[in-house]
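Participant:
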């Protein structure tokens with residue numbers, strides 16, 4: 012048991028300050044230590060420069076064909092070194108800090124992607140593009156992301172209740188914003204809490220995350236609290252047979268407005284990674300708000 | 016002794032009642048709105064029942080195993096049953112298996128537990144009977160094997176999957192629902208009844224095989240019957256809500272401090288004590304940090320161990 016717990020701790024404790032150490036000409040051989048880094052690298056057109064990715068890097072399709080260097084929290088140092096990278100790209104919250112230190116002690120350059128929230132995504136991409144010598148493309152991608160997010164948050168007002176759009180002194184109560192719950196996994200119940208990308212997305216589409224008061228980004232949540240807070244919309248991450256696995260939970264929640272009014276939606280996993288596809292995830296959620 | 020037993024029964028019922036009323040929201044049973052009624056009958060009640068069943072199974076199994084293995088450190092998990100169940104459940108969770116719907120993980124856990132119990136039984140079997148030392152060592156050996164395999168599949172799984180599996184292994188009662196309870200109840204009741212019915216034989220087994228024989232019991236047969244009933248109870252408990260530490264090992268000892276070592280009283284008392292402790296631990300785990308929940312297994316150990324250590328200092332008697 013002790014071993015399992017320590018393994019668990021090892022996997023969870025990896026957030027701390029990282030340092031960026033890169034300067035010089037555009038790198039030719041790049042290794043990515045996180046799926047969202049791989050997606051950004053491909054989006055920046057660096058397809059041919061990527062020489063290694065993690066075993067979780069499954070998008071785009073070509074990423075699967077790249078050489079694997081292990082997992083996110085346990086990449087293989089030997090595998091990384093033997094690929095002779097010019098730079099190793101990693102994230103501040105998904106990869107162990109010690110790994111970065113080891114790489115630097117071996118004189119391997121690293122770039123640490125520091126953005127954790129949607130609001131920091133476009134700047135993160137710009138910084139990364141500068142470091143990798145693809146400044147223009149990064150700027151283009153970042154602007155694309157900013158434009159889409161702005162469009163969505165402006166669009167929110169179009170279908171917002173009239174009282175929110177034109178606050179009138181005669182309106183008895185301001186129409187409350189939609190209460191939303193995003194379920195990551197039903198058994199045991201884990202939801203998207205404050206500080207998660209999904210929580211950001213819910214705010215952007217003009218909703219209110221009922222789990223926003225939890226203590227962690229992905230809390231184990233109380234079913235009783237869901238019944239009490241009565242969400243208007245429930246989103247459930249798709250995949251791993253989720254339609255079936257979630258039936259038990261939904262049965263328990265059958266009296267909340269979201270289920271009574273058939274406003275439970277299974278959505279794709281775009282919002283689990285902070286990358287080029289994050290905006291697609293926001294668009295998807297926004298689409299269900301309009302219905 | 017009868018009075019002490021009565022007190023234990025009353026306290027258990029009281030705790031069960033309290034755990035229905037208290038939670039993130041306090042429910043007044045005489046004045047309920049629709050949401051409160053729903054929370055009480057469909058969320059809390061099945062949860063409290065599962066807590067009681069699991070606690071009973073673990074408490075009674077612990078008392079029986081400490082007896083048949085003649086070892087104060089024995090508990091239902093030492094036989095490897097829980098690591099077998101965890102391995103099997105983790106395979107279902109991480110492999111994304113869903114062909115039995117919400118029953119998939121419990122059924123996997125139960126199967127894993129039963130298979131492991133069977134292997135331990137086979138390893139412990141020699142010359143037409145089960146041998147305490149063999150059972151114990153086979154259980155410990157198998158535990159290490161399964162924990163190793165569990166760590167292996169966890170270290171190659173995604174961090175997200177790892178967290179799901181971890182939460183399950185730490186014990187999760189939040190998904191308890193009425194539909195699962197009849198199965199669990201059948202095994203736990205049968206196991207408890209069989210154990211209590213064989214309490215006299217268990218008393219004899221604690222004192223030695225020859226003594227058991229002279230009282231007219233067959234030590235081999237009695238040990239096998241008790242082992243099977245304990246195996247099924249533990250399997251049912253693990254499949255209801257994962258692994259809950261502490262109860263199986265220490266509740267029987269706490270109860271021994273209270274009402275002595277006579278298995279006829281000790282077994283029902285350990286069952287009730289286990290049920291009540293898990294009930295209260297679950298109450299704390301879901302109420303202390305709302306809207307978040309903590310795994311109940313952590314709470315049992317945190318509130319149970321200090322109390323056990325306190326008793327250990329105060330009382331003189333120590334026995335199986």
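Chains as they are written, first to last, in this note's numbering: chain R, 12 to 302; chain L, 16 to 335. Note that CB positions come from ideal geometry on N, CA and C, so glycine has one too.
Is the shortest distance between the beta-carbon of residue 107 of chain R and the beta-carbons of chain L less than 8 Å?
Facilitator: Output row for residue 107 of chain R: interface = no.
Participant: Can you find the residues in the same chain that come closer than 7 Å, C-beta to C-beta, to residue 212 of chain R, ignoring five residues on each side of it along the sequence?
Facilitator: Counting only Cβ-Cβ distances below 7 Å, and skipping sequence neighbours, we find 129, 282, 292, 293, 296.
Participant: With a threshold of 8 Å, are at least 3 pairs of Cβ atoms found where one atom belongs to the region 274-286 of chain L and the other to the region 68-81 of chain L?
Facilitator: Output reads yes: the region 68-81 of chain L touches the region 274-286 of chain L.
Participant: Indicate whether at least one CB of chain L lies closer than 8 Å to the CB of residue 309 of chain R.
Facilitator: Absent from the model: residue 309 of chain R. The displayed extent of chain R is 12 to 302, so no value can be given.
Participant: Name the chain L residues that come within less than 7 Å of residue 220 of chain R, Cβ to Cβ?
Facilitator: Here the premise fails: no neighbours, minimum Cβ distance about 11 Å.
Participant: Taking only beta-carbon positions, decide if residue 44 of chain R is within less than 8 Å of chain L.
Facilitator: Answer no: the Cβ-Cβ gap between residue 44 of chain R and chain L never drops below 8 Å.
Participant: In the DSSP assignment, the alpha helix (DSSP H) including residue 161 of chain L goes from what residue to what residue?
Facilitator: Start and end: 147-170.
Participant: Measuring CA to CA, which of L/268, L/239, L/205 is closest to residue 142 of chain L?
Facilitator: Nearest C-alpha to residue 142 of chain L: L/239.
Participant: Considering only C-alpha positions, which residue in the set L/247, L/305, L/328 is nearest to residue 124 of chain L?
Facilitator: Measuring from the Cα of residue 124 of chain L, the nearest candidate turns out to be L/247.
Participant: Looking at chain L, is there any beta carbon in it that lies within less than 8 Å of the beta carbon of residue 259 of chain R?
Facilitator: Yes, because at least one Cβ of chain L sits closer than 8 Å to the Cβ of residue 259 of chain R.
Participant: Are there three or more Cβ pairs, one per stretch, closer than 8 Å when the region 124-137 of chain L is compared with the region 96-110 of chain L?
Facilitator: Because the criterion of three Cβ pairs below 8 Å is met, the region 124-137 of chain L and the region 96-110 of chain L touch.
Participant: Could you name the residues of the same chain whose beta carbon sits closer than 7 Å to that of residue 61 of chain L, not counting the 5 residues immediately before and after it, in chain order?
Facilitator: 191, 192, 193, 196, listed in sequence order.
Participant: Following a CB-centred definition, is residue 70 of chain R positioned closer than 7 Å to any heavy atom of the ligand MN?
Facilitator: You won't find the ligand MN in this model; it holds no ligand whatsoever.
Participant: Which of the three DSSP states is assigned to residue 248 of chain R in this structure?
Facilitator: Residue 248 of chain R: strand per DSSP, three-state reduction.
Participant: Quick one: which unbroken beta strand (DSSP E) runs of 3-plus residues sit fully inside the region 227-281 of chain L? Chain order, please.
Facilitator: Within the region 227-281 of chain L, no complete beta strand (DSSP E) run reaches 3 residues.
Participant: Residues of chain R with CB closer than 8 Å to the CB of residue 1 of chain L, please, in chain order.
Facilitator: Only positions 16 to 335 of chain L appear in the structure, and residue 1 of chain L is not among them; the question remains open.
Participant: Measuring only between beta-carbons, confirm whether residue 317 of chain L sits less than 8 Å from chain R.
Facilitator: No, its Cβ sits nowhere closer than 8 Å to a Cβ of chain R.
Participant: Taking residue 267 of chain R and residue 241 of chain R to be in contact with their CB atoms under 8 Å, please state how far apart those CB atoms are, rounded to whole angstroms.
Facilitator: Yes, they are in contact, since the Cβ atoms of residue 267 of chain R and residue 241 of chain R sit about 5 Å apart, within 8 Å.
Participant: For residue 39 of chain L and residue 306 of chain L, which I take to be in contact (beta-carbon distance under 8 Å), what is that distance rounded to the nearest angstrom?
Facilitator: Contact holds; Cβ gap of about 7 Å.
Participant: Excluding the 5 residues flanking residue 30 of chain L on each side, which residues of the same chain have their C-beta closer than 7 Å to its C-beta?
Facilitator: Around residue 30 of chain L: 291, 294, 295.
Participant: Give the range of the alpha helix (DSSP H) segment to which residue 119 of chain L is assigned.
Facilitator: 119-139 is the span of the alpha helix (DSSP H), which, as asked, contains residue 119 of chain L.
Participant: Which residues in the same chain have their Cβ closer than 6 Å to the Cβ of residue 254 of chain L, if we skip the five residues on either side of it in sequence?
Facilitator: Excluding sequence neighbours, residue 254 of chain L sits near 121, 124, 125.
Participant: Please decide whether residue 131 of chain L counts as near chain R, where near means a Cβ-Cβ distance under 8 Å.
Facilitator: It does not: the Cβ of residue 131 of chain L has no partner Cβ on chain R nearer than 8 Å.
Participant: In the DSSP output, what is residue 196 of chain R paired with across the bridge?
Facilitator: Its beta-bridge partners are R/201.
Participant: Counting Cβ pairs closer than 8 Å, one from the region 135-150 of chain L and one from the region 65-76 of chain L, do we hit at least three?
Facilitator: With the cut-off at 8 Å, the region 135-150 of chain L and the region 65-76 of chain L do not touch.
Participant: Which residues in the same chain have their Cβ closer than 7 Å to the Cβ of residue 81 of chain R, if we skip the five residues on either side of it in sequence?
Facilitator: These residues qualify, in order along the chain: 65, 66, 87, 90.
Participant: Is there a Cβ from chain L that is less than 8 Å from the Cβ of residue 29 of chain R?
Facilitator: Any reading at residue 29 of chain R needs caution, since the residue's pLDDT is 39, under 50, leaving its predicted position unreliable; the model's value is listed next. No, because no Cβ of chain L sits closer than 8 Å to the Cβ of residue 29 of chain R.
Participant: So residue 89 of chain R contacts chain L; which residues on that side make the cut at Cβ distance below 8 Å?
Facilitator: In chain order: nothing, as chain L lies at least about 17 Å away.
Participant: So is residue 341 of chain L in contact with chain R if we call contact Cβ pairs under 8 Å?
Facilitator: Outside the displayed range of chain L (16 to 335) lies residue 341 of chain L, so it cannot be described from this structure.
Participant: Quick check on residue 255 of chain R - is its C-beta less than 8 Å from some C-beta in chain L?
Facilitator: Interface residue, yes.
Participant: If the cut-off is 9 Å on Cβ atoms, which residues from the region 126-151 of chain R count as contacting chain L, listed in chain order?
Facilitator: Cβ contacts with chain L: none found.
Participant: Which residues does DSSP pair with residue 219 of chain R in a beta bridge?
Facilitator: R/190.
Participant: If you draw a straight line from the C-alpha of residue 150 of chain L to the C-alpha of residue 158 of chain L, how long is it?
Facilitator: Their Cα atoms are separated by approximately 12 Å.
Participant: Name the chain L residues that come within less than 7 Å of residue 252 of chain R, Cβ to Cβ?
Facilitator: Going along chain L in sequence order, the residues near residue 252 of chain R (Cβ under 7 Å) are 111, 113.
Participant: Does any C-beta atom of chain R lie closer than 8 Å to the C-beta of residue 57 of chain L?
Facilitator: For residue 57 of chain L, the answer is yes, since a Cβ of chain R falls inside 8 Å of its Cβ.
Participant: Pick out whichever of R/263, R/278, R/270, R/97 has its Cα sitting closest to the Cα of residue 252 of chain R.
Facilitator: If we check each option's Cα against that of residue 252 of chain R, R/278 comes out closest.
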